[in-house]
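Asks: Here the sequence shown stands for residues 70 to 292, numbered as in the working numbering. Glycine is no exception: its CB is placed at the ideal position from the N, C-alpha and C atoms. Here it is: the structure, laid out below.
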Amino acid sequence: MNTLPDEILCSIFAKIYPTSAIKLKRLCRRLCDCLETQHFAELNLKLCWPIIPSASGLQTAPNAIDRYRLAWEGRDLSGRIPKAIGTLTNLTHLSLFRNSLTGSIPREIGLLVHLEQLYLNSNALIGSIPQEICSLQNLHYLYLNNNMLDGDIPSRITELSQLRFLMLHSNQLTGTLPGGLLQLPCMEYMSLTGNLLEKRLPKSCLQRSRLVALLQSQGFVFE
Numbered sequence: 070m071n072t073l074p075d076e077i078l079c080s081i082f083a084k085i086y087p088t089s090a091i092k093l094k095r096l097c098r099r100l101c102d103c104l105e106t107q108h109f110a111e112l113n114l115k116l117c118w119p120i121i122p123s124a125s126g127l128q129t130a131p132n133a134i135d136r137y138r139l140a141w142e143g144r145d146l147s148g149r150i151p152k153a154i155g156t157l158t159n160l161t162h163l164s165l166f167r168n169s170l171t172g173s174i175p176r177e178i179g180l181l182v183h184l185e186q187l188y189l190n191s192n193a194l195i196g197s198i199p200q201e202i203c204s205l206q207n208l209h210y211l212y213l214n215n216n217m218l219d220g221d222i223p224s225r226i227t228e229l230s231q232l233r234f235l236m237l238h239s240n241q242l243t244g245t246l247p248g249g250l251l252q253l254p255c256m257e258y259m260s261l262t263g264n265l266l267e268k269r270l271p272k273s274c275l276q277r278s279r280l281v282a283l284l285q286s287q288g289f290v291f292e
């Protein structure tokens with residue numbers, strides 16, 4: 070193994086399912102370094118998500134994927150978002166909106182610790198918003214609108230201290246807004262219409278007057 074070039078090692082292990090491949094990092098330092106490269110992550114992702122656009126399609130959009138940015142919006146992608154997405158740990162921008170993606174949002178999204186912008190809107194995603202998204206401490210933009218997401222908004226969303234835009238409208242979310250959501254220091258705009266959320270909020274939320282007016286325009290009442 071020590072004599073094989075990195076590219077060959079990546080090609081071999083990229084054929085293994087992501088969660089199994091990552092466990093192999095314990096075998097030796099050389100393999101660990103290889104499996105942590107961006108080259109391996111991209112190979113692994115493409116093999117585990119066969120509906121990704123062809124290489125010829127990517128050549129017409131050279132900025133579609135690079136070390137820090139994966140932008141595949143409006144590409145007619147279908148199927149589930151693969152768990153291998155969590156291996157692209159250098160990403161700061163992940164954009165998969167306006168496709169036909171189904172299934173739930175993989176918890177492995179939470180491994181993208183450098184992510185600043187996440188756009189999964191305008192798909193057919195179901196299930197709840199994974200708590201792991203709340204681990205993305207650098208996140209500024211979170212767009213999950215126009216899907217079929219249900220359940221409560223994660224209580225830990227208030228840990229996203231850098232969040233500026235929160236777009237959750239046109240889903241099937243229920244429950245109440247997490248306490249402290251309106252107190253996030255960088256929050257500029259949130260859209261929550263078209264859900265099944267409890268519209269009555271305590272007056273203790275009135276500290277951020279600009280956001281209060283915004284929520285009132287979306288049908289929320291403070292009492």
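Using a 10 Å radius around the Cβ and a threshold of 16 neighbouring Cβ atoms, would you call M259 buried or exposed?
Replies: The residue labelled residue 259 in the question sits at position 190 within the sequence shown. Per the 10 Å Cβ criterion, buried.
Asks: In the DSSP assignment, what are the bridge partners of M259?
Replies: Counted from its first residue, the sequence shown places residue 259 at position 190. L235, per the DSSP bridge assignment.
Asks: Once the 5 residues before and after P131 are set aside, which same chain residues still bring their CB inside 6 angstroms of it?
Replies: For this step, residue 131 is matched to residue 62 along the sequence shown. Only weak support is given to the placement of P131: the predicted model assigns it a pLDDT of 34, under 50, and the question is left unresolved by the model.
Asks: Contact check, I195 vs P223 under 8 angstroms by CB: the rounded distance?
Replies: What you label residue 195 is simply residue 126 of the sequence shown in a count that begins at 1. What you label residue 223 is simply residue 154 of the sequence shown in a count that begins at 1. Not confirmed; about 16 angstroms, so no contact.
Asks: If you follow the beta strand (DSSP E) that A140 is in, where does it begin and where does it stop?
Replies: Taking the sequence shown and counting its residues from 1, the one referred to as residue 140 is at position 71. From DSSP, the beta strand (DSSP E) with A140 extends over R138 to A140.
Asks: What's the call for P119, buried or exposed, on a 16-neighbour Cβ count within 10 Å?
Replies: Position 50 of the sequence shown, counted from the first residue, corresponds to residue 119. Caution is warranted here: a pLDDT of 46 is assigned to P119, below 50, making its placement in the model unreliable, and no coordinate value can be reported.
Asks: Tell me which residues share the same chain as Q200 and place their Cβ nearer than 6 angstroms to its Cβ, disregarding the 5 neighbours each side in the sequence.
Replies: The residue given as residue 200 occupies position 131 in the sequence shown. The residues are P223 and R225.
Asks: Cβ of C255 within 8 angstroms of Cβ of R233?
Replies: Working through the sequence shown from its first residue, we reach residue 255 at position 186. Working through the sequence shown from its first residue, we reach residue 233 at position 164. Yes.
Asks: Any idea what DSSP makes of A130, helix, strand or coil?
Replies: Taking the first residue of the sequence shown as position 1, residue 130 is located at position 61. Legend: pLDDT at A130 = 36, less than 50; position of this residue unreliable, no value from coordinates given.
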